[in-house]
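Using full-length UniProt numbering, the letters of the sequence shown correspond one by one to residues 1 to 505.
Data block below; observations after.
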Amino acid sequence: MATMKPGFTVIRGARLADPALRRAEATDVLIQDGIIREVGVGLAAPEGATVVDAAGMVIHPGLINAHTHGHGGLARGQGDKWTLELLLAAGPWISGGRTLEDKKTSTLICAAEMVAKGCTAAYDLTYEFPLPSREGMDAVAEAYAEVGMRAVVAPMVADRTVYEAIPGLMEALPPGLQKDVEALRLRPAEETLSAMSDILKHWRWGAADIRAAVAPTIPHHCSDAFLCGCMKLAKDHGVGLHSHVGESKVQAITGIKRYGRTLLQHMDHLGLVDENFTAAHAIWLDDDDLKLMRDRGGALAHNPGSNMRLGNGMFRLRRALDLGVNVGIGTDGVNCSDNGNMYEALRYASMVSKVQSPDPRTWASVEEVYKAGTQGSARALGFTDVGAIAPGMKADIVFLDLNSLSWIPHNWTVNQIVHAEDATGVRHVMIGGDFVYFDRRHTKLDIPKLAAQAEAARARLEEASAAMRHLYEKLEPVVSSFCPGLAAQPYHLNRYLCDAPASGV
Ligand SMILES: Nc1nc2[nH]cnc2c(=O)[nH]1
1 MATMKPGFTV IRGARLADPA LRRAEATDVL IQDGIIREVG VGLAAPEGAT
51 VVDAAGMVIH PGLINAHTHG HGGLARGQGD KWTLELLLAA GPWISGGRTL
101 EDKKTSTLIC AAEMVAKGCT AAYDLTYEFP LPSREGMDAV AEAYAEVGMR
151 AVVAPMVADR TVYEAIPGLM EALPPGLQKD VEALRLRPAE ETLSAMSDIL
201 KHWRWGAADI RAAVAPTIPH HCSDAFLCGC MKLAKDHGVG LHSHVGESKV
251 QAITGIKRYG RTLLQHMDHL GLVDENFTAA HAIWLDDDDL KLMRDRGGAL
301 AHNPGSNMRL GNGMFRLRRA LDLGVNVGIG TDGVNCSDNG NMYEALRYAS
351 MVSKVQSPDP RTWASVEEVY KAGTQGSARA LGFTDVGAIA PGMKADIVFL
401 DLNSLSWIPH NWTVNQIVHA EDATGVRHVM IGGDFVYFDR RHTKLDIPKL
451 AAQAEAARAR LEEASAAMRH LYEKLEPVVS SFCPGLAAQP YHLNRYLCDA
501 PASGV
């Protein structure tokens, strides 16, 4: 649990990553009760202080994962050529049939990986089928608390399945499959909203800095009344709202067809887009959408690994930054992006900005990417006191070993964090002044025990997983042929409005 370690700690002689400096310089950090009090050279250690010798290490603020799904932990490595639409179509099988213990195990796997890879807080959209429950949310919160991470946990909710969201898709399925997907029907909006309200009223994880939020998962999977209900709950309880918006071309086109405006504009029309709102992926947002996000003060969560892995396209990081939108960086779930490695996400964010144009003036700089993965993500989570190593901030600090291979030689600190570090350099991770990972070992978690638990769950779920893969194979030709935006048309960057198919979706 991210409890604050009482008393003083002094970190001595660490090279503090600073985007203003090419090579980080050695400094000290004084921490009191989990809060950074002073940063400077030669700080005196108060009597009784714990002194941490960090010579030979770079420190940076914990990376913050702006978008992930802890429920995907047990589904790592299940699919290769999965599109988003197929992931959503088969998703309930991937995440379904789980006990509360499986849910916790799945989240523990992800949280443990994130910490070991330099991440100290995450926005986790968790799958709760058929209804969100206090017990399910507690299982997720318990996992983060056990690892010692901060988190915002939002149950993904909707009142339409993907089959209902894409007009005509259900009817296009062969009769046998229609029967299968009927089992996925969601509960009526009022029932889900009432369950959400119960969760928010009884949330008890605030002291561990594990907050709740509301995630109407995909706007066109939600009726307008449902979206408005989610907004009201978020406002009444003062919590965040988070949705996947414009993740795939199919979604973008479906939105225009359904609402006559973009998905984001539709949400804004209903009043959901404000400074508490995070739009994940945001690949198919046009300039007006980006300006809208800027004007409303919301955040975008960029997930470059998943965007590539699912073939969804490229988020326009340069354009979003130029227009002044707050951007955070995330990994997405390991069921669709394989790992929870925020260093990889930073590197991919940089790379994806570079493959969009040969002109380096349009590329995101390492400073911009680093800022997005720390302060930008912190803002997306609604945390004001993490994302930087400075007086008054919580002591969420990652220690990188300069003797690890990504740092030989050490030329340009922030560049090497974004482009060279692959998490093998992570030596210690401190959260709230407490070492949750020390000398490359979790301090609160028994990893062999977790591995055994995960293996038992995997074996038990194997039958359900095989059924899901089988269903996936049967769905693939239907969904792909039904969504022409998916199949035949190569992306011309993000100009979906120009090359939208004349018929079909
Ligand atoms: N990438 C991704 N997008 C989603 N949209 C709704 N659920 C998901 C999910 O689990 N992964």
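Idealized CB from N, CA, C, for every residue including glycine.
Keep in mind it's a predicted model, so treat the numbers as computed, not measured.
*Going by the C-beta, is residue 392 closer than 6 Å to any heavy atom of ligand 1?*
Translated into the one-based positions of the sequence shown, residue 392 becomes position 392. Outside the cutoff, so no.
_Per DSSP, cross-strand counterpart(s) of residue 401_ = Working through the sequence shown from its first residue, we reach residue 401 at position 401. Paired residues: 57.
*Which runs of the beta strand (DSSP E) spanning at least 3 residues fall entirely within the stretch 331–413, listed in chain order?*
397–401
*Ordered along the chain, which non-local residues of its own chain (more than five positions away) have a Cβ less than 8 Å from that of residue 21?*
Here residue 21 refers to the residue found at position 21 of the sequence shown. Result list for residue 21: 413, in chain order.
*Have a look at the DSSP bridge pairing and note the partners of residue 127.*
As a position in the sequence shown, residue 127 is number 127, starting the count at 1. Note: residue 127 sits in a beta bridge opposite 156.
*CB-CB under 6 Å to residue 273, same chain, minus the five flanking residues each way: which ones, in chain order?*
By one-based count along the sequence shown, residue 273 stands at place 273. Within the same chain, residue 273 has close Cβ partners 267, 296, 298.
*Can you tell me the Cα-Cα spacing of residue 25 and residue 245, whole angstroms?*
For the purposes of this step, residue 25 is identified with residue 25 of the sequence shown, where counting begins at 1. For the purposes of this step, residue 245 is identified with residue 245 of the sequence shown, where counting begins at 1. Cα to Cα, the separation comes out at about 41 Å.
*Run through DSSP, which three-state label would residue 439 get?*
Against the sequence shown, residue 439 aligns to sequence position 439. Here residue 439 sits in coil by DSSP.
*For residue 398 versus residue 77, is the C-beta distance shorter than 7 Å?*
The sequence position of residue 398 within the sequence shown is 398, counting from 1. The sequence position of residue 77 within the sequence shown is 77, counting from 1. No.
*With respect to 6 Å, is the separation between the Cβ of residue 306 and the closest non-hydrogen atom of ligand 1 below this value?*
Sequence index remark: in the sequence shown, residue 306 carries index 306 (1-based). Residue 306 Cβ: within cutoff of ligand 1.
_With DSSP as the reference, identify every bridge partner of residue 242, one or two as the case may be._
Taking the first residue of the sequence shown as position 1, residue 242 is located at position 242. 278.
*Is any heavy atom of ligand 1 found at a distance shorter than 6 Å from the C-beta of residue 442?*
Residue mapping note: residue 442 aligns to position 442 of the sequence shown, counting from 1. Outside the cutoff, so no.
*Name the residue from 12, 8, 84, 65 whose alpha carbon lies nearest to the alpha carbon of residue 47.*
Taking the first residue of the sequence shown as 1, we reach residue 47 at position 47. Looking at the Cα atoms, 8 is the closest of the given residues.
*asked:* For a quick check, are the C-beta atoms of residue 123 and residue 152 less than 7 Å apart?
replied: Position 123 of the sequence shown, counted from the start, is the residue given in the question as residue 123. Position 152 of the sequence shown, counted from the start, is the residue given in the question as residue 152. Result yes, Cβ atoms of residue 123 and residue 152 sit closer than 7 Å.
*Buried or exposed (CB count within 10 angstroms, at least 16 for buried), residue 405*: Indexing the sequence shown from 1 puts residue 405 at position 405. So residue 405 counts as exposed.
*asked:* Below 6 Å, is the gap between the Cβ of residue 220 and the nearest heavy atom of ligand 1?
replied: As a first step, residue 220 must be located in the sequence shown, where it is residue number 220. False, no ligand heavy atom lies under 6 Å from that Cβ.
*asked:* Taking the alpha-carbon of residue 432 as reference, which of 209, 363, 196 has the nearest alpha-carbon?
replied: Locating residue 432 in the sequence shown gives position 432, where the first residue counts as 1. Nearest of 209, 363, 196 to residue 432, Cα basis: 209.
*When 52, 33, 145 are compared against residue 27, the one with the closest alpha-carbon*: By 1-based counting over the sequence shown, the position of residue 27 is 27. If we check each option's Cα against that of residue 27, 52 comes out closest.
*asked:* Please report the distance separating the alpha-carbon of residue 327 from that of residue 281.
replied: Position 327 of the sequence shown, counting from 1, holds the residue named residue 327. Position 281 of the sequence shown, counting from 1, holds the residue named residue 281. Distance between the alpha carbons of residue 327 and residue 281: 10 Å.
*Say yes only if the C-beta of residue 289 is nearer than 6 Å to one or more non-hydrogen atoms of ligand 1, and no if none qualify.*
The residue you call residue 289 lines up with position 289 of the sequence shown. Residue 289 Cβ: outside cutoff for every heavy atom of ligand 1.
*Specify, as a first and last residue, the run of the beta strand (DSSP E) that residue 16 falls within.*
Reading the sequence shown from its first residue, position 16 is the one you call residue 16. Counting along the chain, the beta strand (DSSP E) containing residue 16 begins and ends at 8–16.
*Say the cut is 6 Å; is the CB of residue 161 nearer than that to a heavy atom of ligand 1?*
Along the sequence shown, one-based indexing puts residue 161 at 161. Residue 161: no, Cβ never under 6 Å from ligand 1.
*Candidates 348, 45, 230: which alpha carbon is nearest residue 197's?*
Stepping through the sequence shown from its first residue, residue 197 is reached at position 197. Of 348, 45, 230, the residue nearest in Cα terms is 230.
*Cβ-heavy atom distance, residue 13 to ligand 1, below 6 Å*: Position 13 of the sequence shown, counting from 1, holds the residue named residue 13. No.
_Neighbourhood of residue 14 by C-beta, 6 Å cutoff - its chain only, sequence neighbours within 5 removed_ = Start at 1 with the first residue of the sequence shown, and residue 14 comes out as number 14. Taken in chain order, the residues that qualify are 54, 57, 59.
*Length of the line joining the Cα atoms of residue 35 and residue 17*: Within the sequence shown, residue 35 is the residue found at index 35, counting from 1. Within the sequence shown, residue 17 is the residue found at index 17, counting from 1. Between residue 35 and residue 17, the C-alpha separation is close to 18 Å.
_Own chain residues within Cβ distance below 8 Å of residue 287, not counting five before or after_ = On the sequence shown, residue 287 is found 287 positions in, with the first residue counted as 1. Answer for residue 287: 319, 323, listed in chain order.
*asked:* When you compare the stretch 236–253 with the stretch 210–220, are there three or more beta-carbon pairs, one atom per stretch, that lie closer than 8 Å?
replied: yes
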